[in-house]
Structures are given as C-alpha cells and as structure tokens.
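First up is the structure itself, then whatever we jot down about it.
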Amino acid sequence: MDRQYPSAALERAVNEFAQLPGIGRKTALRLVLHMLSRPEPEVSQFGRVFTTLKQDIHYCRCCHNISDSDTCEICANPKRSNGQICVVENVQDVLAIENTMQYSGLYHVLGGVISPVDGIGPQNLEIASLVERVAAGGVTEVILALSPTMEGDTTNFFISRKLAPLGVKVSVIARGVTVGNNLEYADELTLGRSILDRTPFT
110 MDRQYPSAAL
120 ERAVNEFAQL
130 PGIGRKTALR
140 LVLHMLSRPE
150 PEVSQFGRVF
160 TTLKQDIHYC
170 RCCHNISDSD
180 TCEICANPKR
190 SNGQICVVEN
200 VQDVLAIENT
210 MQYSGLYHVL
220 GGVISPVDGI
230 GPQNLEIASL
240 VERVAAGGVT
250 EVILALSPTM
260 EGDTTNFFIS
270 RKLAPLGVKV
280 SVIARGVTVG
290 NNLEYADELT
300 LGRSILDRTP
310 FT
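Under the working numbering, the residues of the sequence shown are numbered 110 to 311, in order.
Following this line, the structure appears as structure tokens:
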C-alpha cells in the first residue's frame, strides 16, 4: 500500500490527529511536525497526559459534569444556588454558560439530546437522574438550556412532560441564540442575555 508520507510512523501519527474534530490532514501534519521539533521529555509528557486521561477523569455523581472527584467543584460550592438546575447537552455548554458569569445555580448534563435518527432515545440520556434530583426536593426552577434545534426542542418537551407532575417551575433560555446553532458556539454576551431573559416553558 502506497504511503502519503516518507515515514510510516509519521503517517500513523498524522492519521491519529486527523481523527480529531475539525482537524484536517494538513493541520494534523503540522501538529505532528511541531511535536517532532519539541524536546523528547515534552513529547513524553504530552503522551502521558492523554494515556492517563480516561483513568484520571471522573463524572460528577450529581450533575454528570467532568470532575477530578466524585463531586464536581460547582456542585460542591456552597455559594451556588441549590434551587436552580440548568439542563445542558454536554460539558462544553457548562463551560460556555460559566464564561458568561450570569448564572449561579447548578447544572445537569444530559450527555446529548433525543435523536431517533442517531439511535439516541431518552433512555440513553441522563433524564431519569434529573427527575430524581427534582423529586428529592429543594429545586424551585429547572432551566432548559439546550441548543435551539429540532432535537433540542424535542428533548425540552420530553423533559417538561416528565417534570410536570412534580410542580417545579420549568423555563427555557430566550431565543437570542440563533435557531439551529449549537449553544457552545454562541458568543458570551448573547448566551448570558439568553439566560437572564429566560421564559416559562410552554
């Protein structure tokens, strides 16, 4: 089989980098060549970080955010408002909302949205654990902060139906975020305003 590069080891490294989201083969080659130019200890440290990543990362037992321990820093922070839970699709959305500095409650990471086309149903997401958190008491408002896509809206509707018997206030972020866009790509000002101008879910 013909190789695109003069070294099989180089080609293997480029192929691995090129599997990352948003990384084409030209960018992958540039990254690999950069790593080759660095001192061996730096390259070894780089490799060790990713080798141990899966073992070192935890998921918060409460909100399912990425954490260094069983409970994430947000859930463990006594200054956060325990009465509010902001429901998001993924960890990137937590980071995006935190960067706005407009929200001081807790989060609940679903791990995706309902998408029958992709084989993702409610049972594949952290919806049941959300209902359990609300049913346990102390929650006054659930803020649905999913991306304004068809899948996001479907998930919002499903969650609102599940929470309806519990009598908790359910709101949705304002549509300052362009319909069809992922939440993580919204600018901080727009996203922050969408959180502040949230409306009751109907």
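Glycine included, every Cβ here is placed at the ideal spot set by N, Cα and C. The model shown is predicted, which means the values in this text are computed figures rather than measured ones.
Check: Proximity winner among Thr258, Ile132, Ala137, relative to Glu120 (alpha-carbon distances); Outcome: Ala137
Check: Contact check, Val152 vs Ala122, beta carbons under 7 Å; Outcome: no
Check: Test item: CB-CB of Leu253 and Val222 under 7 Å; Outcome: no
Check: Cα-Cα separation between Gln154 and Phe310, rounded to whole angstroms; Outcome: 48 Å
Check: Glu125, buried or exposed, once every other Cβ within 10 Å from all chains shown has been counted against 16; Outcome: exposed
Check: Met144 versus Ala118, Val248, Glu207, residue with shortest Cα-Cα distance; Outcome: Ala118
Check: Check whether Val277 and Ser269 have beta carbons under 7 Å apart; Outcome: no
Check: Under the three-state DSSP convention, the category Leu255 falls into; Outcome: coil
Check: Ranges of the alpha helix (DSSP H) found wholly within the stretch 134 to 205, counting only runs of at least 4; Outcome: 134 to 146, 149 to 160, 162 to 165, 182 to 185
Check: Short Cβ contact (7 Å threshold) for Phe266 with Pro231; Outcome: no
Check: Leu255 and Thr249 closer than 7 Å at C-beta; Outcome: no
Check: Proximal residues to His173 (C-beta, below 6 Å), its chain only, five neighbours per side dropped; Outcome: Val218, Glu235
Check: Nearest to Ala244 (by Cα), restricted to the options Thr180, Ile194, Ile304; Outcome: Ile194
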